[in-house]
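Novice: Top line first, the protein sequences correspond to chains H and L. Heads up: the first sequence at position 102 corresponds to 106 in the working numbering, and the numbers run straight through without jumps. Heads up: the second sequence at position 293 corresponds to 980 in the working numbering, and the numbers run straight through without jumps.
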Amino acid sequence: MGFVDSLKTGLKKTREALFMDVETLFSGKAVTEETIEAFEEILFTSDIGVKSTTEIIEGLKEEYKAGKIKKTDDIKVFLKSTMTAILGMPQPFVLYRERPFVVFCLGVNGVGKTTTIGKLAMKAVSEGHSVILAAADTFRAAAIEQLDVWATRAGASIVKHQHGSDPAAVAYDAVEAAKARGIDLVIVDTAGRLHTKTHLMEELKKIKRVIGKSVPGAPHETLLVLDATTGQNALSQAKLFNEAVGVTGIALTKMDGTSKGGIVLAIKKELNIPIRLIGVGEKIGDYQDFIPGEFASALFD
Amino acid sequence: MFASLNEKLEAVFKRLKGKGFLTSGDIDIAMKEIRLALLEADVNFKVVKGFVERVKVKSLGAQVLESLTPGQQVVKIVNDELCLLLGAENEKIRLSPNPPTVVMMAGLQGSGKTTTTAKIALHFKTQGRRPMMVAADLQRPAAIDQLITLGKQIGVPVFFSKEEKNPVKVCRDAITVAKKEARDIVFVDTAGRLHIDDELMGQLKDIKDAVLPTETLFVADSMTGQDAVNIAHTFNERIGVDGIVLTKMDGDARGGAAISIREVTGKPIKFIGTGEKIDMIEPFYPERIASRILGMGDVLSFIEKAQQTFDEKDAEKFKDKLLTDSFTLDDLRDQLSKIRSMGPIQNLLNMIPGFNRMKGVEVDEKQFVRIEAMINSMTKKEKRNPDILNGSRKIRISKGSGTTVADVNRLLKQYKDMKKMMKMFKGKKGFKMPDFMPF
Chain H
5 MGFVDSLKTG LKKTREALFM DVETLFSGKA VTEETIEAFE EILFTSDIGV
55 KSTTEIIEGL KEEYKAGKIK KTDDIKVFLK STMTAILGMP QPFVLYRERP
105 FVVFCLGVNG VGKTTTIGKL AMKAVSEGHS VILAAADTFR AAAIEQLDVW
155 ATRAGASIVK HQHGSDPAAV AYDAVEAAKA RGIDLVIVDT AGRLHTKTHL
205 MEELKKIKRV IGKSVPGAPH ETLLVLDATT GQNALSQAKL FNEAVGVTGI
255 ALTKMDGTSK GGIVLAIKKE LNIPIRLIGV GEKIGDYQDF IPGEFASALF
305 D
Chain L
688 MFASLNEKLE AVFKRLKGKG FLTSGDIDIA MKEIRLALLE ADVNFKVVKG
738 FVERVKVKSL GAQVLESLTP GQQVVKIVND ELCLLLGAEN EKIRLSPNPP
788 TVVMMAGLQG SGKTTTTAKI ALHFKTQGRR PMMVAADLQR PAAIDQLITL
838 GKQIGVPVFF SKEEKNPVKV CRDAITVAKK EARDIVFVDT AGRLHIDDEL
888 MGQLKDIKDA VLPTETLFVA DSMTGQDAVN IAHTFNERIG VDGIVLTKMD
938 GDARGGAAIS IREVTGKPIK FIGTGEKIDM IEPFYPERIA SRILGMGDVL
988 SFIEKAQQTF DEKDAEKFKD KLLTDSFTLD DLRDQLSKIR SMGPIQNLLN
1038 MIPGFNRMKG VEVDEKQFVR IEAMINSMTK KEKRNPDILN GSRKIRISKG
1088 SGTTVADVNR LLKQYKDMKK MMKMFKGKKG FKMPDFMPF
């Protein structure tokens, strides 16, 4: 199943709820203020946020006043192109030339970090890369065991210490092991943490520093995992994680639900962090590259 | 990051000061701001629409109370209406007349079910009950191990089977064991699932039919966005929900999802999770969530925490000390340890209005530990009369507390400044000493 299909299946229910009204009411009809309001509602309910929605709708209204918007389809075309422009070119997750290539995974509790790592590892292994997972979530009960299961499933190695040990030490050992064994990819799992907890953000900085000491220039990808179900708080998460360790990409998980994850639009707009991939299920293959144009289309078609 | 609704409305109404009534024009402006504030707080679009309509009706013609500005009056109406919508406070978990009481936890992946299960089990254990937990999440890797580990931490037995693939069977067996062991309350931790996953929702219903829970709790992430309405509605419709637990309330999310979930399910919010530590769960108070959604801070929680820690007599004694100028370093240490016992300082500060949006204000908890260590390293005489501290005494204290002489000097300076400030208070007529005053 391709990106669009899986997105569409996921978004089907919401789309039915929202677009039925819009399309049955307005399809093919002349655009009125009411039509614009209906589209404003779609943007709001996609978690795009007050600021971005207001700006996009202002733009739409200007076009409308200028007489450029006549049919409902014109609105769709306008919104799609505006949103695609904000999201920019596709920038999927790629393993560049550095070896070992180090990916540093972070996020708040329960967003799906470990699952995302499992899927990333699986993909890399299937493409012929060797992979080490670093079990640096030493805080949550059984987090190490959970990653272990994924490592086995994916055919990756794992570096782990005791529960409660120093996560930076785990990350360091994993990267050192990768260097020694000539491994291509290291993915560092970290404990979920709320972005507002200063001491936990300090811990992340330390892990990052330690990785950089072992492999200069690493981590090569600092991947923030966001839950598509999350509302406006995702922006705050992105801001604070970015301030702490410099986020280079976003993985948007749980896109197989009815949430649309529109907040990534605001994140791209305000912080210019690209969205690399989306998670569309719990199975190992349920991972897709993020393609802006198709993401925007899936919201409006 | 966000201006609070209160501030926004104050600005809108500034020019209206002194008016006795709110005109419909005033209200329209206010409603626009309220709508945006609620949307910004993640309250669902449709829920906002209905809510704003109700507030508008109530505001029209409402007399502005003498003590309030028109802006405050509208905020009050909004606040009251939010509280009304959020429902009664502190609704408890119903207990079955025929034990064991069975509590089933349900929710999306990552909403915090397993942690919450252990937190509530501990809550009941400390009340003298005999809880048991059931590991019915056979989906997520190592979910069983997680519950077992948590069970060990809190001293609550966990029923599990690593061979069985059918959660319904596990739950049925668990209830039999619970009865045999005379457990009076059983918590069933189910796997996280998407509300639109037909198969897994069907399975959840099967578990429910098998264990016939006294309560089914829907565990929801307080950071959830617009989709909270669909998720909560579907869970309630398909499984039947008796109560709601809001998790991750220790972050900076406004928690508007609480409003959405309440509105679509009509079910009470029974607990809120406020931290990663296993005892961080609290009963629900609507006023607090309402003021949080409106961006007015969680003053009530702060005051309550302070009241728990500083009983009145202590406060009175402390006040006397301040006023009679007999405030010693010992007293300072006592005050600090009380403040520390209220929980992490950052958590406390976050409850203060506006504080969570102040950037760069960070509290170094270690600083408090250092101060305590320094004071503990002093002799009785030194504590009563810090003026006798000369160079060699300071060196001894710094060695004893693992600090430096500079740290000791800083402490002494802070202490002196504090006393100076207190003298100023004393001199002022009509100055009312706060009931609790940290320092």
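Even glycine gets a Cβ: it sits at the ideal position worked out from N, Cα and C. From a predicted model like this one, the values you see are computed outputs, not experimental measurements.
Would you say Ala140 of chain H and Val112 of chain H are within 8 Å of each other, going by their C-beta atoms?
Specialist: Taking 8 Å as the Cβ cut-off, Ala140 of chain H and Val112 of chain H do not qualify as a contacting pair.
Novice: How long is the line joining the alpha carbons of Ala728 of chain L and Thr58 of chain H, rounded to whole angstroms?
Specialist: Their Cα atoms are separated by approximately 15 Å.
Novice: Roughly how many angstroms lie between the CA atoms of Asp939 of chain L and Ser240 of chain H, to the nearest whole one?
Specialist: Roughly 8 Å separates the two Cα atoms.
Novice: Shorter than 8 Å from the beta carbon of Ala944 of chain L to some beta carbon of chain H?
Specialist: For Ala944 of chain L, the answer is yes, since a Cβ of chain H falls inside 8 Å of its Cβ.
Novice: Chain H beta carbons: is any one of them nearer than 8 Å to that of Gly889 of chain L?
Specialist: Cβ-Cβ to chain H under 8 Å: no for Gly889 of chain L.
Novice: Applying a beta-carbon distance threshold of less than 8 Å, which residues of chain L neighbour Phe48 of chain H?
Specialist: Residues of chain L passing the Cβ test: Leu726, Phe732, Gln913.
Novice: Comparing C-alpha positions only, which one of L:Glu963, L:Leu981, L:Lys1081 sits nearest to Gly943 of chain L?
Specialist: If we check each option's Cα against that of Gly943 of chain L, L:Leu981 comes out closest.
Novice: Are the region 829 to 839 of chain L and the region 860 to 869 of chain L in contact at 8 Å, needing three or more beta carbon pairs?
Specialist: In short, these stretches do not touch, since the Cβ pair count stays below three.
Novice: Is it true that the CB of Gly799 of chain L sits closer than 8 Å to the CB of Asp937 of chain L?
Specialist: No, they are not a contact pair.
Novice: Of all the residues that make up the region 231 to 243 of chain H, which are near chain L by a beta-carbon distance shorter than 9 Å?
Specialist: Taking 9 Å as the Cβ-Cβ cut-off against chain L, the residues of the region 231 to 243 of chain H that qualify are Asp231, Ala232, Thr233, Thr234, Gly235, Gln236, Asn237, Ala238, Leu239, Ser240, Gln241, Lys243.
Novice: Using a beta-carbon distance below 8 Å, is Ile883 of chain L in contact with chain H?
Specialist: Ile883 of chain L counts as touching chain H.
Novice: Give me the DSSP bridge partner(s) of Val843 of chain L.
Specialist: Per DSSP, none; premise fails for Val843 of chain L.
Novice: Evaluate contact between the region 799 to 814 of chain L and the region 291 to 300 of chain H, counting only Cβ atoms and requiring at least three cross-stretch pairs below 8 Å.
Specialist: Touching, no.
Novice: Find out if the Cβ-Cβ distance for the pair Met910 of chain L, Asn246 of chain H is shorter than 8 Å.
Specialist: Taking 8 Å as the Cβ cut-off, Met910 of chain L and Asn246 of chain H do not qualify as a contacting pair.
Novice: Residue range of the alpha helix (DSSP H) that Thr961 of chain L falls in?
Specialist: Unbroken run through Thr961 of chain L: none, as it is neither H nor E.
Novice: If Thr257 of chain H sits next to Thr120 of chain H, beta carbons under 8 Å apart, how far is it from one beta carbon to the other, in whole angstroms?
Specialist: Right, the Cβ-Cβ distance comes to about 6 Å (below 8 Å), so this counts as a contact.
Novice: Cβ atoms of Lys852 of chain L and Leu825 of chain L: under 8 Å apart, would you say?
Specialist: Yes, the pair counts as a contact, with Cβ atoms nearer than the cut-off.
Novice: Opposite Ala175 of chain H in the DSSP bridges: which residues?
Specialist: Its beta-bridge partners do not exist; DSSP assigns none.
Novice: How many angstroms separate the CA atom of Pro787 of chain L from the CA atom of Val734 of chain L?
Specialist: So the alpha carbons of these two residues sit roughly 38 Å apart.
Novice: With a cut-off of 8 Å, does the C-beta of Pro828 of chain L fall near any C-beta of chain H?
Specialist: Cβ-Cβ to chain H under 8 Å: yes for Pro828 of chain L.
Novice: Hey, does Met1105 of chain L have any beta-carbon neighbour from chain H nearer than 8 Å?
Specialist: Chain H, which has no Cβ nearer than 8 Å to the Cβ of Met1105 of chain L, makes this no.
Novice: What residue from H:Val81, H:Ala195, H:Tyr291, H:Val54 has the CA that sits closest to Glu67 of chain H's CA?
Specialist: Checked all of H:Val81, H:Ala195, H:Tyr291, H:Val54; the closest Cα to Glu67 of chain H is H:Val81.
Novice: Kindly indicate which residue of L:Arg722, L:Val744, L:Phe732 has the alpha-carbon position closest to the one of Ser711 of chain L.
Specialist: For Ser711 of chain L, the nearest C-alpha among the options comes from L:Val744.
Novice: Take Phe768 of chain L as the anchor and find which of L:Lys1068, L:Lys1067, L:Glu950 has the nearest alpha-carbon.
Specialist: The sequence given here has Glu at residue 768 of chain L, not Phe. For the residues L:Lys1068, L:Lys1067, L:Glu950, the minimum Cα distance to Glu768 of chain L belongs to L:Glu950.
Novice: Give the interface partners of Gly114 of chain H over in chain L, defined as CB-CB distance under 7 Å, in chain order.
Specialist: Chain L residues near Gly114 of chain H: Gly797, Ser798, Gly799, Asp908.
Novice: When DSSP labels each residue in this structure, what does Asp876 of chain L get in the three-state scheme?
Specialist: Reduced to three states, the DSSP call for Asp876 of chain L is strand.
Novice: Could you tell me the distance, in whole angstroms, from the CA atom of Asn917 of chain L to the CA atom of Arg870 of chain L?
Specialist: So the two alpha carbons sit approximately 36 Å from each other.
Novice: What residues from chain L crowd round Val1 of chain H, counting only those whose CB sits closer than 7 Å?
Specialist: Chain H is shown from 5 up to 305; residue 1 of chain H falls before or after that span and cannot be answered.
Novice: Is Lys75 of chain H helix, strand or coil when you go by DSSP?
Specialist: DSSP places Lys75 of chain H in strand when its eight states are reduced to three.
Novice: Strictly below 8 Å CB to CB, what residues from chain H border Leu837 of chain L?
Specialist: Correct list: Ala145.
Novice: Looking at chain H, is there any beta carbon in it that lies within less than 8 Å of the beta carbon of Gly648 of chain L?
Specialist: There is no way to answer for residue 648 of chain L, as the model of chain L reaches only from 688 to 1126.
Novice: Measuring straight from C-alpha to C-alpha, what distance separates Lys69 of chain H and Phe304 of chain H?
Specialist: Those two C-alpha atoms are separated by around 22 Å.
Novice: Lys849 of chain L versus chain H: which residues are under 9 Å apart at the beta carbon?
Specialist: By Cβ distance, chain H contributes nothing, its closest Cβ being about 12 Å from Lys849 of chain L, past 9 Å.
Novice: Under 7 Å, CB to CB, which of the residues in the region 147 to 173 of chain H have a partner in chain L?
Specialist: Within the region 147 to 173 of chain H, the residues whose Cβ lies closer than 7 Å to some Cβ of chain L are Glu149, Gln150, Val153, Trp154, listed in chain order.
Novice: Is the Cβ-Cβ distance between Val135 of chain H and Ala125 of chain H less than 8 Å?
Specialist: In contact: Val135 of chain H and Ala125 of chain H (Cβ atoms closer than 8 Å).
Novice: Chain L partners of Thr36 of chain H, CB-CB under 9 Å?
Specialist: Per Cβ cutoff of 9 Å: no residues; Thr36 of chain H is ~19 Å from chain L at best.
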